[in-house]
Amino acid sequence: MQVINEYIVSSEKILFEGDGYSEAWEKEAEKRGLPNLKTTPLALDAMVNEKNTKLFIENGIYSHSELEARHEIELEKYIKKVQIEGRIMGEMATSMILPPAIRYQNLLAKNIKGLKEAGLTEEAYANQKQILDKISEHINKASDLVEKMIEARKIANAIENTRTKAIAYESQVKAAFFDQIRYHADKLELLVDDKEWYLPKYRELLFLR
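Counting from 1 along the sequence shown, just add 1230 to a position and that's the residue number in my numbering.
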């Protein structure tokens, strides 16, 4: 119990029983003087900061060059993962999400045109027009974001310094485009007819037998 008490007191600064992902903990951590590194590339810098380098070297765990090498490897692993995720996201958007959305867009447009030619008033196809407008908006946004993400990846790929490249991939590729592309893809999933959609929809994944 004496040993446990000592460790509880010495680790008091990092003990927190609430939600570690919440804004409350973020504020509390700042109050306690704890670091709050929100991205992987910046968090990996802890491997080679002065305090931790001294700890590893003095205890004969790693040499300075070994730490530098491991830091470089972890940064490269991060870059590769974001590269792969970005490529897959772009491929899925262009080959599995946009095509069925465009096909359904054309069906709606043909339906609206037929109703117009039949002499119906605009009120008769107002709902179809509203759905068509939403689908068109999400198609255009998703397509535009994918193209911009590809260009951002090309710029990041040209960076030679591994750390700078990892930071660019996080801020200019992942943070800048992943969530936005996902948002428009999710909206299209809700709007496009199930018969046209290539991928399983969320409700199908949840209740698939």
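Glycine included, each C-beta is placed from N, C-alpha and C at the ideal position.
Cα-Cα separation between residue i and residue j, rounded to whole angstroms
i: arginine 1333; j: glutamate 1315; result: 26 Å
i: valine 1312; j: lysine 1257; result: 29 Å
i: glutamate 1352; j: phenylalanine 1408; result: 38 Å
i: leucine 1274; j: aspartate 1363; result: 45 Å
i: alanine 1299; j: glycine 1290; result: 16 Å
i: tyrosine 1355; j: leucine 1337; result: 13 Å
i: asparagine 1282; j: tyrosine 1292; result: 11 Å
i: methionine 1277; j: histidine 1301; result: 6 Å
Beta carbon of residue i nearer than 8 Å to that of residue j
i: alanine 1386; j: lysine 1395; result: yes
i: isoleucine 1380; j: leucine 1421; result: no
i: isoleucine 1411; j: leucine 1375; result: yes
i: aspartate 1424; j: lysine 1431; result: yes
First through last residue of the alpha helix (DSSP H) which encompasses residue i
i: isoleucine 1385; result: 1356-1387
i: proline 1329; result: 1328-1347
i: alanine 1405; result: Looking at the DSSP string, alanine 1405 is not in any alpha helix (DSSP H), and its letter there is neither H nor E.
i: methionine 1319; result: 1294-1322
i: valine 1278; result: Unbroken run through valine 1278: none, as it is neither H nor E.
i: proline 1265; result: Element bounds for proline 1265: n/a, residue is neither H nor E.
Minimum C-alpha distance to residue i - residue among the options
i: serine 1383; options: Ile1309, Ile1303 and Val1278; result: Residue identity check: residue 1383 is arginine in the sequence provided, not serine. It is Ile1309.
i: serine 1401; options: Tyr1432, Lys1268 and Leu1285; result: Lys1268
i: asparagine 1441; options: His1414, Glu1306 and Lys1340; result: No answer is possible for residue 1441: the residues shown for the chain start at 1231 and end at 1439.
i: isoleucine 1327; options: Ala1354, Lys1371 and Trp1255; result: Lys1371
i: leucine 1429; options: Met1322, Ile1361, Thr1270 and Ile1303; result: Met1322
Residue-level contact to chain D via CB, residue i, 8 Å cutoff
i: serine 1293; result: Given the protein chain composition of this structure (a single chain), no chain D is represented.
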